[in-house]
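Number of protein chains: 4
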Amino acid sequence: MQANLSIPMKNVTIAMLGSGFVADFYMQGLANVNGQEVVANYSRTEARAADFAKRWSVPESSTDLDSLIRRQDIQLFVIALPNEEHLPVSLALSKAGRNQVCTKPLARNAAEAKRMLDIVESAGVFGGYLEDLCYTPKTLKALRMIQSGQLGDITWARSRETHPGPHSAWFWDGNQAGGGAIVDLGCHCIEIVRNFVGKDNRPLEVMCWTDTLVHPIEAEDNGIALIRFESGAIGQFEVSWTFRGGMDLRDEVAGTEGTLWLNHFLRTGFEAFTSGAGGDYVAEKAETASGWLFPVGDEVSELGYVDMFTDMFEAMDEGRQPMETFYDGYVVNAIIDACYRSAESRTWEPVRLDDWRGTGVPRIARSARTHDGKTVIKEETMPDGRRKLILKDEKSGEFTDVVA
Amino acid sequence: MQANLSIPMKNVTIAMLGSGFVADFYMQGLANVNGQEVVANYSRTEARAADFAKRWSVPESSTDLDSLIRRQDIQLFVIALPNEEHLPVSLALSKAGRNQVCTKPLARNAAEAKRMLDIVESAGVFGGYLEDLCYTPKTLKALRMIQSGQLGDITWARSRETHPGPHSAWFWDGNQAGGGAIVDLGCHCIEIVRNFVGKDNRPLEVMCWTDTLVHPIEAEDNGIALIRFESGAIGQFEVSWTFRGGMDLRDEVAGTEGTLWLNHFLRTGFEAFTSGAGGDYVAEKAETASGWLFPVGDEVSELGYVDMFTDMFEAMDEGRQPMETFYDGYVVNAIIDACYRSAESRTWEPVRLDDWRGTGVPRIARSARTHDGKTVIKEETMPDGRRKLILKDEKSGEFTDVVA
Amino acid sequence: MQANLSIPMKNVTIAMLGSGFVADFYMQGLANVNGQEVVANYSRTEARAADFAKRWSVPESSTDLDSLIRRQDIQLFVIALPNEEHLPVSLALSKAGRNQVCTKPLARNAAEAKRMLDIVESAGVFGGYLEDLCYTPKTLKALRMIQSGQLGDITWARSRETHPGPHSAWFWDGNQAGGGAIVDLGCHCIEIVRNFVGKDNRPLEVMCWTDTLVHPIEAEDNGIALIRFESGAIGQFEVSWTFRGGMDLRDEVAGTEGTLWLNHFLRTGFEAFTSGAGGDYVAEKAETASGWLFPVGDEVSELGYVDMFTDMFEAMDEGRQPMETFYDGYVVNAIIDACYRSAESRTWEPVRLDDWRGTGVPRIARSARTHDGKTVIKEETMPDGRRKLILKDEKSGEFTDVVA
Amino acid sequence: MQANLSIPMKNVTIAMLGSGFVADFYMQGLANVNGQEVVANYSRTEARAADFAKRWSVPESSTDLDSLIRRQDIQLFVIALPNEEHLPVSLALSKAGRNQVCTKPLARNAAEAKRMLDIVESAGVFGGYLEDLCYTPKTLKALRMIQSGQLGDITWARSRETHPGPHSAWFWDGNQAGGGAIVDLGCHCIEIVRNFVGKDNRPLEVMCWTDTLVHPIEAEDNGIALIRFESGAIGQFEVSWTFRGGMDLRDEVAGTEGTLWLNHFLRTGFEAFTSGAGGDYVAEKAETASGWLFPVGDEVSELGYVDMFTDMFEAMDEGRQPMETFYDGYVVNAIIDACYRSAESRTWEPVRLDDWRGTGVPRIARSARTHDGKTVIKEETMPDGRRKLILKDEKSGEFTDVVA
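If you're matching them up, the sequences are chains W, D, V and H in order.
For the first sequence, position 158 (counting from the first letter as 1) is numbered 158 according to the working numbering, and the numbering increases by one without interruption.
For the second sequence, position 90 (counting from the first letter as 1) is numbered 1090 according to the working numbering, and the numbering increases by one without interruption.
For the third sequence, position 265 (counting from the first letter as 1) is numbered 2265 according to the working numbering, and the numbering increases by one without interruption.
For the fourth sequence, position 321 (counting from the first letter as 1) is numbered 3321 according to the working numbering, and the numbering increases by one without interruption.
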């Protein structure tokens, strides 16, 4: 993502559909991306549409989605609407032959996502999945390390996203959102985990726990899940709307040759203490305005918005798929569906993927070295520099130590 | 543990049973504890017994366990033997009316542990459970914070212990050990979690995944489990014998009023880079002797050995139970048993506790505040200082925002 | 820097003068900035010029600086040349009425810098100082916190930049560079410190130590300096070409109401361990390719290049001064000059600024609260919640405690 | 310090002289050390003496120092009194032939310290210097790394100790204390630096800045100094009584082969957030009781008190000098004296040591490798794996690159 040439691409004209929290983040992310122009925005109410246009200097705002969709001068539509509207809006766009990118999660469930995917593909239009947290600068570099083999075979990937709960009312309504913290935050974690274990690594089954521990709602405010992949790798995510202390956004990966820890928000090399003096300016998502604070340098860039849109525009330009596609969004929804089934059935549930496109991945290799006819279980260096072997006699089943 | 008076207790005379890795750690821990004296040690072979006695200046060593047990001048026996020997040795000690403390796990399973517990109790002898990681200075202080209410109701506790695998051969043999990484490391994690969520909080059921991903053994080299407690709190542990990068020993706790992160080994405020020059001295458990290293200041103290023995001796002196008892060891084994059953059945398994002594803990409280007749879902401060409420109309089921 | 509108500015056409390490970084930074186009590049040798043009897809390359300077279609010249060439090239550009931005340090000494400044100003052309480390996302946010008063009056600012030494030969030659580690790295630190204590805060005098401890060169490979400002604030920098472990880039600020710690490179929330497997890809500036590594997510953005160029283009567009100007470069050079004089004279040396434009800053306020007619030295909360005052009787000179 | 045998030493009987903040810390430290008993304590007022005895279960308390000194059953006297009393009390103890250990700084200046040293030595009694921060577990391990050569030749050592100011009134009175923050905190830093650069490395001269920036006192509330050693190594310390955010206690060391960072207080692997609920218990020295807090696991052990007293008792037992002696205290006072002279004269001041006992240390070695008859300035690995040399032609003075 970093070695972009400085030759400017021709400007992509964009319509922003939606005017909430995520649309604001998208506008900030776009501001740092070459070769684009948001020419119109849509919101259901005129006041919100106009307010958004003014806030971001968008030349034109509208409450008439249909006529916006018909405009041929707009090259890309950004779906930044509540989850329940993704499917109908995407269908309308595809039918009109319009390129689109959609916020996360792609839909409320895999069935909806599959319809969006199918129609985008049959219409032959561009369909990008705006999974920003897979595009953070740290994640992109971590993926390069993993892909170059520096961690060996991945055995475990953990993604954690927790905070005190979302800012808009509709998130809290399970019907509109399709669920609770898992739909809101787990969709990020799942796709992060998929990237780390490899997208060709089929997710086989899921074990999930959910509960509503603190907030007076129906949807889950806490969830934990394990995802078992065909290589044997295990994915793990933890999501919560009841975390105290800010936003905890961390990923961890273990492999046969190494390990990786990413902290995207609370510990990024910026630490500040203030008595609470001054304070026109408060660090984002901090729960307090005094004491020790942990601001993020450039939140928009660190959360992946800049690199995400850069990839989308380059992909459109080059006629290739972006790193995150509607297909990826569909797989994520299928895993979320399995999570909810498992939380209900209290057992492992298969991930139902009618359409699996991965190439397949072999089982993590177990070492099979021998020494004097015995299996080498472990080799370690002792403090005095000698090598110690732990051996198993496969016939007798006995375990012994040998110092070489 | 810190405000011990400086009045010396009368010396406790000790016999150390065992001469392996953990016995060495115990001797180092004891060296910093007032009022004790290791007067004899036992090992199955004469060479090892004598070597240990010499290494630690123990006046007397023995291979005759029975006669050691009969000696009336020894006031405390430390069981630092492989798991399979805990039960027979403990029974022999109890029958002889001898005080004892036993390394972790207490036994290979709950049935064995229950027998040890019952006989210690019927014999009226002291039975301490040497769960060092519940006694680390950080853990003790974290428990004080939690017990004083600074984190509110605990909703989640995670304990993680991973490293590249144990040093002695018998650990790798599932029959001798009673299992793999869960028996070896999970026993720590489980008891840490129990301390954090409260020991009166009954562990109801367990969901566990295990796999043997890397090493050519039968026992699991990786395991993850969820433990559901009666309050609704969820415990989580991750153990691995395939981690690269040293020993990862971390605990995390979330509550309705706060959060806690403990790092016991890899990030403790000591960071060093070396080209590899010099190097008679290598930091413990580090995988490399050059590059960035993360030593621990005083490993024995940081891992809890000093405070653990101090508590044991004070408890004996004061005629009270120590913080960690044979009963705790039994509960841990019961949870481990449920883990293995769950890994097999692939569903949640109840924790079978014939003997539950907890007082019971209420469900985590969900807030039930109302505003204008609607349920308050969340209250947050906006950047401009105004308060925003997310409300639910319980009749219509509708969610709305209000700025106060 | 974050709330840029998405209205694209008209493209600025740029000539890049130089093809070394810093020019490469500039091209990477520019790639992420809207509204610009590098249309030509210059290098002294044809091979290097062509190679650079090819590497970065620059349409045209040249070894003829004079004709490049005469081209009216180029709107901005980036001086990315060795220090000794800044003055002559800048003079030529100014004479031709051309806008320019110049890499750091502005010149080899204050006299050269003053000439560059004067002629840019008399020519009425744009003169931006490319001090990237004052533009890192963390630094910009830290400045906002400080400017909003969250740290109170700044009492101390430390900037540290150390690594194992520069990559190009000319840096090591004191004559070409104008000095050693202080000219190379100290120029960053000085301007960071100035931003933190406030640019209106006059630097009065400097105390500096330098030595050549490790490398067989004439110039200093280590330097430490204190800078005293008129408010009483003390600046401190440490630079080294002999540091082991990567690049250590940290800033710390203390004020009467708070404190701030920034880590730009070695601890930014990205931690990885690798056995050394794989490894086509090595984290930048790391000394090793195995063991614990600390990559930076997006180095170019984190080191300030993106926000720096954004500010330069916006400033040109808006007809205002950029955050970092030739005047700032001149002040930095004046402080460096004082550093070298002090290292020689071994005493505090005044900072000689013929042209001081700051508004002046008052002395840090000392509290003068009284209690019962005595001066309050300190007030603190005791563990039991009571307030304790330390008081001074100004007549008797006696100090006492009072618990309120 | 860790491999103490478990053979108990015979108990040392101790008198604690003083009942303030540091005496409390000493009692806590002693509680964890084998083989000692505090049998009496002294304070100037009866109320304080009795209160201290009760608080720590000391069998006997007294306000009569002279008769305490005469008691032959007391084997060690701990001088934990204000600075101005160290000399007279030490003299009285030495004249009576009594073993003594003295809190830091040893005296108010080198002249006083020298008298204490001389008389202790001529009396042939034990004289230990209670410099706890040189005994922290991290510092002891860091010293082992350095002494084993893992950092090569030490080029730079920084020690920083800052907090919002001391708790007792007498510290703030320059006359009683002998100075301000430098006497209070700098004494720690100086001896830490001496340990890191090596005690045989003569401190030649000092450059120091002091100011009284915030508090309404005469003594300095901020100070920074550089200490130049005969090897070329530079020591650096920063002390402040105006720091906000808790107690900042960090050391950093750089050498030709490595680097070291120690954080003793604010970042030790224990991080907690609390809304402020509960809160009978507040983390020590934290400025706030809510928000992010950074407790230390076992403050007494982490600050070195346990290992310090262990060394003192073992040294007495073995008839050897402790790691920190009255001589070390004298050197520290001599450096502090030079600091104050330098702050006054505003130039480097020699460290006046009439009695220098170091063996001498050679200058840090500069490499002198050649390649093709040219001096090798630097060798580095390029991203493609090739080795790049920066060379200097000593005849022409020219610098060039060569890729091998």
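The C-beta atom is built at its ideal place from N, Cα and C for all residues, glycine as well.
How is residue i classed by DSSP in three states: helix, strand or coil?
i       : result
T1941/V : What the structure shows of chain V is the stretch from 2001 to 2404, and residue 1941/V is not part of that stretch, so it cannot be assessed.
P1008/D : Reliability of the predicted coordinates at P1008/D is poor, the pLDDT of 44 falling under 50, and the value obtained from them is presented with this limitation in mind. If DSSP states are grouped into helix, strand and coil, P1008/D belongs with coil.
A1343/D : helix
H2371/V : strand
S2061/V : strand
G3385/H : coil
S2159/V : strand
V403/W  : strand
V1351/D : coil
W1209/D : strand
G2235/V : strand
G20/W   : coil
I1390/D : strand
M145/W  : helix
I3154/H : strand
For the beta strand (DSSP E) holding residue i, just list the boundary residues, first then last.
i       : result
V33/W   : No beta strand (DSSP E) contains V33/W, which DSSP labels as neither H nor E.
F3229/H : N3222 to F3229
I3079/H : L3076 to I3079
V1101/D : Q1100 to T1103
Can you tell me which residues form a DSSP beta bridge with residue i?
i       : result
F1273/D : W1292/D and T3259/H
K2395/V : Note: K2395/V sits in no beta bridge, so no partner.
A2447/V : Outside the displayed span of chain V (2001 to 2404) sits residue 2447/V, for which this structure offers no information.
L2130/V : T2103/V
L1249/D : E1161/D
E1203/D : For the sequence presented, residue 1203/D should be read as Pro rather than Glu. DSSP lists F1229/D as partners of P1203/D.
Can you determine whether any heavy atom of the ligand FMN sits closer than 8 Å to the C-beta of residue i, and answer yes or no?
i       : result
C1134/D : Only the bare structure without any ligand can be found here, which leaves the ligand FMN out of the picture.
Could you spell out where the alpha helix (DSSP H) holding residue i opens and where it closes?
i       : result
P1088/D : H1086 to K1095
I1119/D : A1110 to A1123
W2056/V : E2046 to W2056
D1317/D : Y1305 to E1318
G3174/H : G3174 to A3177
V300/W  : E299 to E302
Assess, as a yes-or-no matter, whether the stretch 180-189 of chain W is touched by the stretch 336-346 of chain W under the definition of 3 or more beta carbon pairs within less than 8 Å. Flag = yes, the stretch 336-346 of chain W and the stretch 180-189 of chain W touch.
Should the stretch 92-105 of chain W be regarded as contacting the stretch 121-128 of chain W, the criterion being three or more beta carbon pairs within less than 8 Å? Two segments are said to touch when three or more pairs of C-beta atoms, one from each, lie closer than 8 Å; by this definition the stretch 92-105 of chain W touches the stretch 121-128 of chain W.
Check whether the stretch 60-73 of chain W and the stretch 114-125 of chain W are in contact - that is, three or more C-beta pairs closer than 8 Å. The stretch 60-73 of chain W is not in contact with the stretch 114-125 of chain W.
Taking contact to mean at least 3 C-beta pairs separated by less than 8 Å, is the stretch 1322-1331 of chain D in contact with the stretch 2302-2315 of chain V? Because the criterion of three Cβ pairs below 8 Å is not met, the stretch 1322-1331 of chain D and the stretch 2302-2315 of chain V do not touch.
Taking 8 Å as the threshold, find out whether the stretch 3262-3270 of chain H comes into contact with the stretch 3286-3296 of chain H through three or more Cβ pairs. Judged by Cβ distances under 8 Å, the stretch 3262-3270 of chain H makes contact with the stretch 3286-3296 of chain H, as three or more pairs qualify.
Take every Cβ of the stretch 1190-1204 of chain D, pair it with every Cβ of the stretch 1165-1181 of chain D, and state whether three or more of those distances are shorter than 8 Å. Segment contact: the stretch 1190-1204 of chain D against the stretch 1165-1181 of chain D, fewer than three CB-CB distances shorter than 8 Å; contact not assigned.
Name, going along the chain, the residues of the stretch 225-251 of chain W whose beta-carbon falls closer than 8 Å to a beta-carbon of chain V. Correct list: empty, as no residue qualifies.
Pairing CB atoms from the stretch 391-399 of chain W with CB atoms from the stretch 1011-1021 of chain D, are three or more of them under 8 Å? By the criterion of at least three beta-carbon pairs nearer than 8 Å, the stretch 391-399 of chain W is not in contact with the stretch 1011-1021 of chain D.
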